[in-house]
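Residues 685 to 1030, numbered by this note's numbering, are exactly what the sequence shown covers, in order. We put the CB at the ideal spot given by N, CA and C, even for glycine. From a predicted model like this one, the values you see are computed outputs, not experimental measurements. Below you'll find the structure, written out as structure tokens, and then a few comments.
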Amino acid sequence: MNTGQLIGLAGRLLGLSSRKWNETTVVVRQLAPDGSSRRFYRLCGQEHFRVIAVLPPAHEPRGLAEAVAFAEIGRHLGRIGAPVPAIYGFDPATGLALCEDLGERRLFDQVTERGGAGCLPAYERAVRRLVRMQVRGAHGFDPAWCWDTPRYDRQLMIERESNYFLAACCTDLLGLDFDRRAVAVDCARLANEAAQAPAHFFLHRDFQCRNLMLTDGAVRIIDFQGGRLGPLAYDLASLLLDPYAALPESMQDHLIAIYLEALGKELAYDSDQFRRECLLLGLQRNLQILGAYAFLSQVQGKQFFARYLEPALASLDRLLAKPGAGEYAALYTLTGQCRQELRQRS
């Protein structure tokens, strides 16, 4: 799709006349994605009207299914009052989605300027909005909208998180020799434990500071197309353990307390059980992060992610050193090997 076709289709979806919306009146700027292969554009028309256009990857067979998920899940979250960008239009033939322009400032940018501890009010707002989205977003959620899997479950933990970590990070990137059988036993045990958490809530699955926009003082949520049903603690753990921010443990504890306070206004949930689930699902999330960062930096050449491998490994090391994770000794040893190898290469 060239620029003229993009402007024309966007105008039709928006219901704008070609006299006011055409190649001479609309400025198109391509935006750089993070780890996604989707294509993003900012379209600026007359009277400061702006819209974000999102197209699926040009040569990925499942790209259209992901685009449909973005539109359907985005509309659903908008209906239940989640602070996501409004979906203005969607073309099922091309996968073009038009949505509200939330600007360019992310929570990540504020963290970069002030450090994680200097962004506490924004994190508190994000946590409170997360609770409402998770609980209320599950009501009326149709798993048929999901383009990947309909639910976060044990199989996904093994295939997309622990195995991803072992293959992309430990083997392909670092070339480690380790006790694969003992580590596999640990990963299976971890998945078995983590899968006991109730998994009928809305799960964003990439809830971190680069997916939180700061727009007119409000926290807004993007990149929800991977949403599905899952456990509560995973998204909170994703935010707390986010390597981009490296939040101090005292702040993490405070945000867990804020989360539980907000959750208590939505439903009854045992706080001790939640904290245990937060540890287990935090371990799972950490494994996924490391697999993704290793793959994106080595295979796709996106070196931005390489700088966060050590912070992610340090986070995994701290989690595995906690009393509640004492049964994962082989995984703890492997994490130490990863850190040592990475230090030797730097």
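Contiguous alpha helix (DSSP H) assignments of at least 4 residues, all confined to the region 685–730: Within the region 685–730, the complete alpha helix (DSSP H) runs of at least 4 residues are 687–698.
Closest residue to HIS762 among ALA998, ALA822 and TYR928 (Cα-Cα distance): The question names His, but residue 762 is Gly in the sequence shown. When only C-alpha atoms are compared, the closest one is ALA822.
At least three beta-carbon pairs within less than 8 angstroms, the region 895–914 to the region 927–937: Segments in contact, no.
Anticipated Cβ contact below 8 angstroms, CYS893 with VAL738, distance rounded: The beta-carbon separation of CYS893 and VAL738, rounded to 20 angstroms, does not stay under the 8 angstroms limit for a contact.
In DSSP terms, what CYS783 is bridged to: Bridge partners of CYS783: ILE736 and ILE771.
Per-residue DSSP class, three states only, for ARG838: Taken through DSSP and simplified to helix, strand or coil, ARG838 comes out as helix.
C-alpha gap between GLY765 and GLU950, whole angstroms: Each residue's Cα considered, the two are about 14 angstroms apart.
For VAL752, three-class secondary structure by DSSP: In the structure shown, the three-state DSSP call for VAL752 is helix.
Helix, strand or coil at VAL815 according to DSSP, with G and I counted as helix: Residue state, collapsed to three classes: helix.
Inter-stretch contact at 8 angstroms, needing at least 3 Cβ pairs: the region 839–848 / the region 871–889: With a cut-off of 8 angstroms, the region 871–889 and the region 839–848 count as touching, because enough Cβ pairs lie within range.
ALA998 versus LEU944, ARG790 and PRO927, residue with shortest Cα-Cα distance: Considering only alpha carbons, the answer is PRO927.
Boundaries (first-last residue) of the alpha helix (DSSP H) holding ILE905: The continuous stretches of alpha helix (DSSP H) do not include ILE905, which lies in the beta strand (DSSP E) extending over residues 902–905.
Residue(s) in a DSSP beta bridge with LEU898: LEU898 pairs with VAL903.
Residues that GLY914 bridges to, as DSSP identifies them: In DSSP, GLY914 forms a bridge with PHE885.
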